[in-house]
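Heads up: the sequence lines are chains L and D, in that order.
Residue numbering for the first sequence follows the numbering used here, starting at 1 and increasing by one per position.
Residue numbering for the second sequence follows the numbering used here, starting at 133 and increasing by one per position.
For each residue, glycine too, the CB sits at the ideal point set by N, CA and C.
Number of protein chains: 2
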Amino acid sequence: MKLITRSTDYALRALCFIAKYKGKIVSVSELALKLRVPQPFLRKILQALNGKGILTSLKGQGGGFTLAKEPAKIFITDIMRIFQGTLRLNECFLQKLACPHKKTCLLRKKITGIERYVLRELNSITLESLLE
Amino acid sequence: MKLITRSTDYALRALCFIAKYKGKIVSVSELALKLRVPQPFLRKILQALNGKGILTSLKGQGGGFTLAKEPAKIFITDIMRIFQGTLRLNECFLQKLACPHKKTCLLRKKITGIERYVLRELNSITLESLLE
DNA sequence: ATTAATGATACCATAATTGTATCATTTGTC
DNA sequence: GACAAATGATACAATTATGGTATCATTAAT
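Here it is, written out as structure tokens:
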């Protein structure tokens, strides 16, 4: 049970690194080296971030990636959603069987409450807040 | 990202059911029928609960399972731990690379905070509280 | 023209979770 | 005592999610 998967993790580290470069272009090979992360995998991740409008890419020699938005406008929930899908904690519990006694709904309520809290907390974290 | 896996889910439903029977013996086949859950899988789950002292089993014809403790003394975190292992939310983030800039530690702090909250909430739920 | 980069995409590997099968043992019932 | 109905133990299979690799096409600087 982890809140953040490896892909998200790598993505965040990469974004932090890129953010430090303030508009300069960073290539995958450089990043992979610095972060000590498998390059092809990182590449796939950056491509996804590009596709989702978090990064901007430049092709050709000397190309690479830069941030597409200010760090203050990149929320870690955005990143999580890209790599982990919708953020829900109560995926499976009692969904088909429509809660035969509705007692167990107390559990669902609790979990929904937890979910709300978790999302609120996570939504308070931007890339900027991770930078220093 | 789910807080509760299917095994835990099944286990909780089964425990609720068994708890209602107040000391009577419930067999896997009966339970599987009532809960509409694959029987061999449910069986494995109940065996685990027995092994962990949550249920007591009786072999032989007319055998089955009963609760080994009062519902008030069975915490859903106990059950989660049995099927999902240690309850941690910040498994993978920045553990090997020992936080090169310690900036990202803010994330870790946040997640640790979330984890504490989640555990506190979950620890307030017993089987009894799920019963009505 | 060459080289160093990304785009797109298909494929593979690993691990966790979910689920099945089987043989041995126990116990109630006839 | 034989039989049937239950669990104990355990190995195996299937499915899914995640992590990771490979490759060919395209772009752009030198």
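Check: Residues of chain L with CB closer than 9 Å to the CB of D/K241, please, in chain order.; Outcome: Chain L residues near D/K241: none, gap ~10 Å exceeds 9 Å.
Check: At 7 Å on the CB atoms, spell out the chain L contacts of D/Q216, in chain order.; Outcome: M1
Check: Taking its Cβ as the centre, do 16 or more other Cβ atoms sit within 10 Å of D/A146, making it buried, or is it exposed?; Outcome: buried
Check: Cβ of L/I74 less than 9 Å from any chain D Cβ?; Outcome: no
Check: Below 8 Å, can you find three or more Cβ-Cβ pairs linking the stretch 203 to 213 of chain D to the stretch 164 to 179 of chain D?; Outcome: no
Check: Consult DSSP for D/L219 and reduce its assignment to one of helix, strand or coil.; Outcome: coil
Check: What first and last residue would you give for the beta strand (DSSP E) that runs through L/F75?; Outcome: Run containing L/F75: none; DSSP gives neither H nor E here.
Check: Using beta carbons (cut-off 9 Å, strictly below), is D/S256 in contact with chain L?; Outcome: yes
Check: Give a yes or no on whether 9 Å exceeds the smallest Cβ distance from L/L89 to chain D.; Outcome: yes
Check: Assuming D/V250 and L/I125 make a contact with CB atoms under 8 Å, what is their CB distance in whole Å?; Outcome: Contact doesn't hold; Cβ gap of about 16 Å is too wide.
Check: Where does the unbroken alpha helix (DSSP H) through L/T7 begin, and where does it stop?; Outcome: First, the amino acid is wrong: residue 7 of chain L is Ser here, not Thr. Counting along the chain, the alpha helix (DSSP H) containing L/S7 begins and ends at 6 to 20.
Check: On the three-state DSSP scale, how would you describe D/V250?; Outcome: helix
Check: If you check the beta carbons only, do L/G53 and L/V26 fall under 9 Å apart?; Outcome: no
Check: According to DSSP, simplified to helix, strand and coil, what is L/G63?; Outcome: coil
Check: In the DSSP assignment, find the alpha helix (DSSP H) that holds D/L178 and state where it starts and stops.; Outcome: 171 to 183
Check: Exposed or buried, what is D/L262 when buried is set at 16 or more other beta-carbons lying within 10 Å of its beta-carbon?; Outcome: buried
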